[in-house]
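Q: The structure under discussion is supplied below as structure tokens; questions concerning it will follow.
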Amino acid sequence: DTAVSQTPKYLVTQMGNDKSIKCEQNLGHDTMYWYKQDSKKFLKIMFSYNNKELIINETVPNRFSPKSPDKAHLNLHINSLELGDSAVYFCASSQGPRASTDTQYFGPGTRLTVL
Amino acid sequence: KNQVEQSPQSLIILEGKNCTLQCNYTVSPFSNLRWYKQDTGRGPVSLTIMTFSENTKSNGRYTATLDADTKQSSLHITASQLSDSASYICVVSVTWDSNYQLIWGAGTKLIIKP
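Sequence lines, in order, name chains A and B.
Numbering (our numbering) for the first sequence: 1 to 115.
Numbering (our numbering) for the second sequence: 1001 to 1114.
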């Protein structure tokens, strides 16, 4: 059973397009996250939702909009894609809202390439 | 400035050998330090977490140490296996009031050769 799943795994698109990445967790966790891993391999948190409520919203262009229809799903929609958006995007979940102490479980990542 | 630095950037060793990866941090106020293993094309998986008062923790062949005075941590891998080939990432947590921040290192890429 896949704990945290993301679709698609690969996404290649043109600049200016709008795209979405979906994430689902079957762990029964209350909190979900989106991270961006750039070419230097640093992971940077973008958003966090706890029970469908936004609790972390880092300095991210407002072209990025997360949506949590229920606590098992957290989707990421990106408008007007730019070259600099090319990266691997990871979804994660944790039982509680504090990733500082609660173990995060990561999905396999979505590699986004903007041409 | 809160920062986590890992060394070496990459390491190649022969199967069966031991190795030690380093993590130095300059963060305040420190809450805990976690080591992750990230296989190629996969998400990170937590190996160990240590708080200020813990100076060693093991998970199978992985042993993490923490020296809170010198702000250094190491991850020692014993009797390496081909499946240990991965990136190992050190993450330090900073907490203040009811807030927190995770400071991620860039990772050490470990390659195990048969």
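Beta carbons: idealized from backbone N, C-alpha and C, even for Gly.
Pop quiz: Lys1037 (chain B) and Tyr1100 (chain B) are said to be a contact at Cβ under 8 Å. What is the actual Cβ separation, rounded to whole angstroms?
A: Contact doesn't hold; Cβ gap of about 22 Å is too wide.
Q: Sorted by chain position, which residues of the same chain lie with C-beta nearer than 8 Å to Lys9 (chain A)'s C-beta, five sequence neighbours on each side aside?
A: So the qualifying residues of the chain are Pro108, Gly109, Thr110, Arg111.
Q: Could you tell me whether any Cβ in chain B is nearer than 7 Å to the Cβ of Lys41 (chain A)?
A: Interface residue, yes.
Q: Please confirm if Leu106 (chain A) has its CB atom under 7 Å from at least one CB of chain B.
A: Correcting the residue identity first, residue 106 (chain A) is Phe in this sequence and not Leu. With 7 Å as the cut-off, Phe106 (chain A) counts as an interface residue toward chain B.
Q: Would you kindly report the start and end of the unbroken beta strand (DSSP E) that includes Pro69 (chain A)?
A: Residues 64 to 70.
Q: Quick one: Cα of Thr1111 (chain B) to Cα of Met32 (chain A), how far?
A: Just to set this straight, residue 1111 (chain B) is Ile in the shown sequence, not Thr. Rounded to the nearest angstrom, the two C-alpha atoms are 31 Å apart.
Q: Excluding sequence positions up to five away, which residues of its chain have a Cβ less than 8 Å from the Cβ of Ser20 (chain A)?
A: Once the five neighbours on either side are set aside, the close Cβ partners of Ser20 (chain A) are Asn75, Leu76, His77, Ile78.
Q: Spell out whether any CB of chain A is found under 7 Å from the CB atom of Leu1102 (chain B).
A: Yes, because at least one Cβ of chain A sits closer than 7 Å to the Cβ of Leu1102 (chain B).
Q: By Cβ distance below 7 Å, which residues in the same chain neighbour Gly28 (chain A) in space, the five residues on each side in sequence not counted?
A: If we look at Gly28 (chain A) and ignore the five residues flanking it on each side, it has no Cβ neighbours.
Q: In the DSSP assignment, the beta strand (DSSP E) including His29 (chain A) goes from what residue to what residue?
A: That residue, His29 (chain A), is in no beta strand (DSSP E); it is neither H nor E in DSSP.
Q: When the Cβ atoms of the stretch 1014 to 1030 of chain B are set against those of the stretch 1068 to 1087 of chain B, are three or more pairs found closer than 8 Å?
A: At 8 Å Cβ cutoff, the stretches touch.
Q: What is the DSSP secondary structure of Ser80 (chain A), reduced to helix, strand or coil?
A: Looking at Ser80 (chain A) - three-state DSSP - the assignment turns out to be coil, as it is neither helix nor strand.
Q: Taking the beta strand (DSSP E) that Lys1067 (chain B) falls in, what are its first and last residues?
A: The residue you asked about is not Lys; residue 1067 (chain B) is Asp in the sequence shown. Taken as a continuous stretch (DSSP letters only), the beta strand (DSSP E) holding Asp1067 (chain B) covers 1062 to 1067.
Q: By Cβ distance below 7 Å, which residues in the same chain neighbour Ala1106 (chain B) in space, the five residues on each side in sequence not counted?
A: Contacts found: Gln1006.
Q: Tell me which residue opens and which closes the beta strand (DSSP E) that Lys1001 (chain B) is part of.
A: Looking at the DSSP string, Lys1001 (chain B) is not in any beta strand (DSSP E), and its letter there is neither H nor E.
Q: Within 10 angstroms of its Cβ, does Pro61 (chain A) collect 16 or more other Cβ (buried), or is it exposed?
A: Exposed, since its Cβ has fewer than 16 Cβ neighbours within 10 Å.
Q: Pull out every residue of the stretch 1019 to 1049 of chain B whose Cβ sits closer than 9 Å to any Cβ of chain A, in chain order.
A: Correct list: Ser1031, Asn1032, Arg1034, Tyr1036, Gln1038, Gly1041, Arg1042, Gly1043, Pro1044, Val1045, Ser1046, Ile1049.
Q: With H, G and I counted as helix, E and B as strand and the rest as coil, what does DSSP make of Ser1098 (chain B)?
A: Here Ser1098 (chain B) sits in coil by DSSP.
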